[in-house]
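>
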Amino acid sequence: MSVLFTKNSFSVLCKADIIQTNTRNGGSRMNIVSSPDRVDAYLKEYRIAEFFSCDPVFTLRRYLPGEMLTSPFAQTRLLQFIVEGEVILYDMPNEDTVAEIETPAHKARMIGDAELFDPDFPTFFVEAKTEVYTLSLPLKEYRGKLLDDNTFLRYLCRGFTVKLAAATSPEYRLPLREQLVRYIESSDKDTPIRDMKHLAYLLHTSTRNLSRALNSLCEEGLLERSKKGVYLIRK
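Under the working numbering, the first residue of the sequence shown carries the number 19, and numbering increases by one thereafter.
As structure tokens, this is what we get:
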């Protein structure tokens with residue numbers, strides 16, 4: 019299920035899951051996993067305690083594929099370290115453009131770091147691509163402590179450097195048409211495009227916008243429409 023909003027009126031295309039209670043940036047207790055042993059194991063594996071001078075108490079949280087860790091529709095209440103699973107980080111500059119940001123994979127990626135300084139709504143969507151586990155801290159309780167923690171602030175600056183480099187890369191803010199062309203170029207030319215819902219999900223757009231883009235590529239001669247909802251890639 020998808021809901022279409024326009025960004026100028028505080029809306030973009032998003033999954034209905036974004037506005038469900040259990041996906042509001044960790045606002046619900048439904049995704050808390052009670053497992054002190056796993057928390058200790060993750061802390062040791064990723065040496066997260068070394069990022070702090072203070073001694074924070076972490077909570078383990080679980081997100082299912084498609085659930086949002088952060089969204090521009092809700093304030094970020096948590097600082098989170100991803101300790102297991104994969105996420106997709108993206109922006110939607112307008113209703114038919116998805117700007118997926120490729121950030122280098124690294125252990126214990128931090129989510130909510132920018133919101134530590136600005137408790138307003140986040141800029142980007144962070145969506146669970148697979149089942150994801152995070153170690154989290156409530157920003158309301160820890161904001162003051164973290165802003166006074168020089169060890170943590172130095173670690174934070176290194177992370178911002180990586181994110182800035184990714185956000186300014188040439189791949190950022192590609193229009194839907196260009197993303198679709200790249201998808202076609204990397205696809206098997208003998209395999210028709212037929213699963214519109216799945217492709218729309220991959221490109222983070224609506225089936226309506228995707229159909230529009232596909233028809234446009236047919237007019238340009240890159241695709242051929244064989245029947246309703248099925249497109250052949252021209253060789």
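Each residue gets a CB set at the ideal place from its N, CA and C atoms; glycine is no exception.
(1) Residue ranges of each beta strand (DSSP E) run of no fewer than 3 residues wholly in the stretch 126–188, ordered along the chain?
(2) Tell me where the alpha helix (DSSP H) around residue 202 begins and ends.
(3) Among the residues of its own chain, which have a CB less than 7 Å from the CB of residue 156, if the five just before and after it don't count?
(4) Using DSSP with H/G/I as helix, E/B as strand and the rest coil, what is residue 99?
(5) Check whether the Cβ atoms of residue 248 and residue 212 sit closer than 7 Å, and answer yes or no.
(6) Where does the unbroken beta strand (DSSP E) through residue 61 begin, and where does it stop?
(7) Hey, could you find the ends of the beta strand (DSSP E) residue 244 is sitting in?
(8) With DSSP as the reference, label residue 82 as helix, strand or coil.
(9) Please report how far the alpha carbon of residue 149 lies from the alpha carbon of residue 83, in whole angstroms.
(10) Helix, strand or coil: which one does DSSP assign to residue 71?
(11) For residue 88, which three-state DSSP category applies?
(12) Checking 7 Å against the spacing of the C-beta atoms, do residue 180 and residue 147 come in under that value?
(13) CA-CA distance, residue 44 and residue 207?
(14) With 16 other CB atoms within 10 Å as the buried threshold, where does residue 69 fall?
(15) Given 8 Å as the limit, is there contact between the stretch 84–93 and the stretch 158–171, that is, 3 or more CB pairs closer than that?
(16) When burial is assigned at 16 or more other CB atoms within 10 Å of the CB, is residue 57 buried or exposed?
(17) What residue does the beta strand (DSSP E) around residue 221 start on, and which one ends it?
(18) Per DSSP, which one or two residues make a beta bridge with residue 208?
This is what the structure gives:
(1) 127–129, 143–146, 150–156
(2) 194–203
(3) 95, 96
(4) strand
(5) yes
(6) Taken as a continuous stretch (DSSP letters only), residue 61 belongs to no beta strand (DSSP E), being part of the alpha helix (DSSP H) at 54–64.
(7) 241–245
(8) coil
(9) 5 Å
(10) coil
(11) strand
(12) no
(13) For residue 44, the predicted model reports a pLDDT of 44, less than 50, meaning its position is unreliable and no value from the coordinates is stated.
(14) buried
(15) no
(16) buried
(17) Where residue 221 is concerned, there is no enclosing beta strand (DSSP E), given that its DSSP letter is neither H nor E.
(18) Paired residues: none, contrary to the question.
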